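Undergrad: Mapping the sequence shown onto the working numbering, position 329 (from 1) lands on 403, and the numbers just tick up by one. We put the CB at the ideal spot given by N, CA and C, even for glycine. These numbers were taken from a predicted model, which means no experiment stands behind them. A single structure is presented below for examination.
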Amino acid sequence: MEPHAPLPRRARWTATGALYLLLVLLWLADWESLQPLTGYPHTAADFVALAAAPLFAALLLAPHRWLSVRRRAAIAAAASWAVTLALVALPVRSAAGTWGLPETAALLGLLLGTARRAAPARAAVVLCVALGTAVVAAPLRLRHYGDLVNYAFVLTLAVGAALGLGCYLRALDARRARAVAAVRQGERLELARDLHDFVAHHVTGIVVQAQAARTIRETAPERVDTMLLGIERAGLETLDSMRRLVRVLREEEGRGVRPGELYAALAELAADFARRGGPDVTVRIDAAARRARLAPEVETSVQRAVQEALTNVRRHAPAAATVTVRAALRGGQLTVEVHNGPAAERTAAPAGGRGGFGLVGLRERAEAVGGALTAGPTPEGGWQLTASFPVLDPGPGAGPDTEGGMARSDP
């Protein structure tokens, strides 16, 4: 999971709808505050807050891709101060019972968002001061100052609460970003070690074949071309692996799968998962996927993806009715899916868990070898991890993926 990871679509729509409803109710409250006014004639100043409310609502609720947090905070603070100073300077002020409740709510929301996300920190401080003082100064628009001290006290508490919550969330985001960066770096180093081992294996093979070619050059010259082709192929694969080499090598031993034993390793993972008390796992391997030739680092990445997915099933859905691991060749890439059905009962995440950082490392590893990885809930309430990886050679007879020709392994 990433810092500032977007909420699920349903949660976003629910939160946005709740904010819309709150702002509409506050706008209606402002409108109702004008109705009992019989001792004063209505002036344009009475309707300024009502007219300005849609602007502040738009600044709060507009998609972030339209305006950055800094820009919307600056516009909101400037607009609020402009209205306040204009009404204070004019001889006619608002006789309404409120100074603009929707505007205040929107400013507090923007204050929270600015304290949490605005960068750099110096700009965030300036914008927070501008927004906070705009909120506290808004009651100056009223014609009577009798309750000004009470209003200022309540609004100051509201500003402090929004600012404190925003700073707290900012600290959480920063800590989470550091944790994600550490996971990514660790995964890069682990992948670098794996790649180093594979490259060393290829280079050793090249040296051996070159020595053999020199030995048989005089006795069997017709075999030299074949050996040179093997050297060329090994060299190209080595270069391909070298391009994926990242950073430096970590000191501890790697735990990757041995080249050529990927699907046996997946079956063993499924069997071990069931032995440890998890639900039975159905492993389905497309016949075309078995024929495809993968780079060694890709095989290790596939194994790690399946291992992490099964670990997440054990942690979050141990009562899942079905767990399926499927590998198929699609569009010239190996697609691996790990799907679990909905759990029979809701299971709380164990304390001290990794908090989703395992998927961050897996995504980094998949991208480093030229693949991609996604994970998310399914419509029926389960969870699915989908990863795609490049193949060196699709193998003989490779074609569009079909449901037939599947090899099944049930632990």
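Going by C-alpha distance, which of 241, 206, 160, 257 is nearest residue 232?
TA: Mapped onto the sequence shown, residue 232 falls at position 158. For residue 232, the nearest C-alpha among the options comes from 206.
Undergrad: Just the C-alpha distance for residue 399 and residue 152, rounded to the nearest angstrom, thanks.
TA: In the sequence shown, the residue the question calls residue 399 occupies position 325. In the sequence shown, the residue the question calls residue 152 occupies position 78. Those two C-alpha atoms are separated by around 56 Å.
Undergrad: Taking the alpha helix (DSSP H) that residue 181 belongs to, which residues open and close that run?
TA: Position 107 of the sequence shown holds residue 181. That run of the alpha helix (DSSP H) goes 175-191.
Undergrad: If distances are taken between C-alpha atoms only, which option among 253, 261, 311, 248 comes closest to residue 278?
TA: Your numbering for residue 278 matches position 204 in the sequence shown. The shortest C-alpha separation from residue 278 is found at 311.
Undergrad: Please state whether the Cβ-Cβ distance between residue 417 and residue 393 is less than 7 Å.
TA: The residue you call residue 417 lines up with position 343 of the sequence shown. The residue you call residue 393 lines up with position 319 of the sequence shown. Closer than 7 Å, so yes.
Undergrad: Starting from the C-beta of residue 284, find all residues in its chain whose C-beta is less than 7 Å away, skip the five residues before and the five after it, and write them out in chain order.
TA: Here residue 284 is taken as the residue at index 210 of the sequence shown, counted from 1. Closer than 7 Å at the Cβ level, and outside the excluded window around residue 284, lie 305.
Undergrad: For a test of the three-state rule: what should DSSP assign to residue 366, helix, strand or coil?
TA: Position 292 of the sequence shown, counting from 1, holds the residue named residue 366. Three-state result, residue 366: coil.
Undergrad: Could you give the DSSP three-state label for residue 401: helix, strand or coil?
TA: Reading the sequence shown from its first residue, position 327 is the one you call residue 401. Reduced to three states, the DSSP call for residue 401 is strand.
Undergrad: Taking only three categories from DSSP, how would you classify residue 453?
TA: Within the sequence shown, residue 453 is the residue found at index 379, counting from 1. It is coil, neither helix nor strand.
Undergrad: By Cβ distance below 8 Å, which residues in the same chain neighbour residue 226 in space, the five residues on each side in sequence not counted?
TA: The residue given as residue 226 occupies position 152 in the sequence shown. Excluding residues within five positions, the ones whose Cβ falls inside 8 Å are 210, 213.
Undergrad: Using the C-alpha atoms, what's the distance from residue 348 back to residue 298?
TA: As a working mapping, residue 298 is identified with position 224 in the sequence shown. As a working mapping, residue 348 is identified with position 274 in the sequence shown. Roughly 50 Å separates the two Cα atoms.
Undergrad: Grouping DSSP H, G and I as helix and E and B as strand, with all else coil, what is residue 41?
TA: Only positions 75 to 485 of the chain appear in the structure, and residue 41 is not among them; the question remains open.
Undergrad: Go ahead and label residue 337 buried or exposed: buried means 16 or more other beta carbons lie within 10 angstroms of its beta carbon, across all protein chains shown.
TA: Start at 1 with the first residue of the sequence shown, and residue 337 comes out as number 263. By the neighbour-count rule (16 or more Cβ atoms within 10 Å), residue 337 is buried.
Undergrad: Taking all protein chains shown into account, do 16 or more other C-beta atoms lie within 10 angstroms of the C-beta of residue 359, making it buried, or fewer, making it exposed?
TA: Here residue 359 corresponds to residue number 285 of the sequence shown, with the count starting at 1. Label assigned to residue 359: buried.
Undergrad: Exposed or buried, residue 353, counting other C-beta atoms within 10 Å across all chains shown (16 or more means buried)?
TA: Here residue 353 is taken as the residue at index 279 of the sequence shown, counted from 1. Its Cβ being crowded by 16 or more others within 10 Å, residue 353 is buried.
Undergrad: Assuming contact is defined by CB atoms lying nearer than 7 Å, are residue 104 and residue 175 in contact in what I supplied?
TA: For this step, residue 104 is matched to residue 30 along the sequence shown. For this step, residue 175 is matched to residue 101 along the sequence shown. Yes, they are a contact pair.
Undergrad: Does the separation of the CB atoms of residue 156 and residue 181 fall below 7 Å?
TA: Taking the sequence shown and counting its residues from 1, the one referred to as residue 156 is at position 82. Taking the sequence shown and counting its residues from 1, the one referred to as residue 181 is at position 107. Not closer than 7 Å, so no.
Undergrad: So, for residue 129: in the same chain, excluding its five sequence neighbours on each side, which residues have a beta-carbon less than 7 Å away from its beta-carbon?
TA: Looking up residue 129 in the sequence shown gives position 55. 153.
Undergrad: Helix, strand or coil for residue 462, going by three-state DSSP, please let me know.
TA: Taking the sequence shown and counting its residues from 1, one reaches residue 462 at position 388. Residue 462: strand per DSSP, three-state reduction.
Undergrad: Given a cut-off of 7 Å on the beta-carbon distance, is the pair residue 357 and residue 384 in contact?
TA: If you number the sequence shown from 1, residue 357 lands on position 283. If you number the sequence shown from 1, residue 384 lands on position 310. For residue 357 and residue 384, no; Cβs fall outside 7 Å.
Undergrad: Would you give the residue range spanned by the alpha helix (DSSP H) that residue 358 belongs to?
TA: For the purposes of this step, residue 358 is taken as residue 284 along the sequence shown, with counting starting at 1. First-last for residue 358: 355-360, but that is the beta strand (DSSP E), not the alpha helix (DSSP H).
Undergrad: I'd like the span of the beta strand (DSSP E) that includes residue 412, first residue to last.
TA: Position 338 of the sequence shown holds residue 412. 407-414 is the extent of the beta strand (DSSP E) around residue 412.
Undergrad: Once DSSP output is grouped into helix, strand and coil, what is the label at residue 221?
TA: Locating residue 221 in the sequence shown gives position 147, where the first residue counts as 1. The answer is coil: DSSP assigns residue 221 none of H, G, I, E or B.
Undergrad: For residue 136 and residue 368, I'd like the C-alpha separation in whole angstroms.
TA: Within the sequence shown, numbered from 1, the residue matching residue 136 stands at position 62. Within the sequence shown, numbered from 1, the residue matching residue 368 stands at position 294. One C-alpha to the other measures close to 46 Å.
Undergrad: Specify the secondary structure class of residue 300 as computed by DSSP and reduced to three states.
TA: Here residue 300 refers to the residue found at position 226 of the sequence shown. Residue 300: helix per DSSP, three-state reduction.
Undergrad: Nearest CA to the CA of residue 148: which residue from 203, 159, 101?
TA: Your numbering for residue 148 matches position 74 in the sequence shown. Answer by Cα proximity: 203.
Undergrad: Tell me the rounded alpha-carbon separation between residue 252 and residue 455.
TA: Indexing the sequence shown from 1 puts residue 252 at position 178. Indexing the sequence shown from 1 puts residue 455 at position 381. For residue 252 and residue 455, the distance between alpha carbons rounds to 31 Å.
Undergrad: So, at 8 Å on beta carbons, what are the nonlocal neighbours of residue 230 in its own chain, with the 5 sequence-adjacent residues on each side left out?
TA: Working through the sequence shown from its first residue, we reach residue 230 at position 156. Excluding positions up to five away in sequence, the list reads 210.
Undergrad: Under the rule that 16 or more other beta-carbon atoms within 10 Å means buried, what is residue 422, buried or exposed?
TA: Position 348 of the sequence shown, counted from the start, is the residue given in the question as residue 422. At residue 422, the pLDDT of 47 sits below 50, so the modelled position is not reliable; the number obtained from the coordinates is stated separately. Exposed.
Undergrad: Near residue 409, which residues of its chain fall below 6 Å by C-beta distance, leaving aside the five closest residues on each side in sequence?
TA: Numbered from its first residue, the sequence shown carries residue 409 at position 335. Result list for residue 409: 402, 462, in chain order.
Undergrad: Reducing DSSP to helix, strand and coil, say where residue 164 ends up.
TA: For the purposes of this step, residue 164 is identified with residue 90 of the sequence shown, where counting begins at 1. Residue 164 falls in the coil class under three-state DSSP.
Undergrad: Identify every residue that forms a DSSP beta bridge with residue 417.
TA: In the sequence shown, the residue the question calls residue 417 occupies position 343. The partner list for residue 417 (beta bridge, DSSP) reads 394.
Undergrad: Please report the Cβ distance between residue 464 and residue 445, rounded to the nearest whole angstrom; I am assuming they are in contact, meaning their Cβ atoms lie under 8 Å.
TA: By one-based count along the sequence shown, residue 464 stands at place 390. By one-based count along the sequence shown, residue 445 stands at place 371. Contact holds; Cβ gap of about 6 Å.
Undergrad: If the criterion is Cβ atoms closer than 7 Å, does the pair residue 254 and residue 443 meet it?
TA: Here residue 254 corresponds to residue number 180 of the sequence shown, with the count starting at 1. Here residue 443 corresponds to residue number 369 of the sequence shown, with the count starting at 1. No, the Cβ-Cβ distance between residue 254 and residue 443 is not below 7 Å.
Undergrad: Just to check my reading of the structure: residue 378 and residue 466 have Cβ atoms closer than 8 Å, yes? What is that Cβ distance to the nearest angstrom?
TA: Within the sequence shown, residue 378 is the residue found at index 304, counting from 1. Within the sequence shown, residue 466 is the residue found at index 392, counting from 1. Not quite, the Cβ-Cβ distance comes to about 19 Å (not below 8 Å), so this is no contact.
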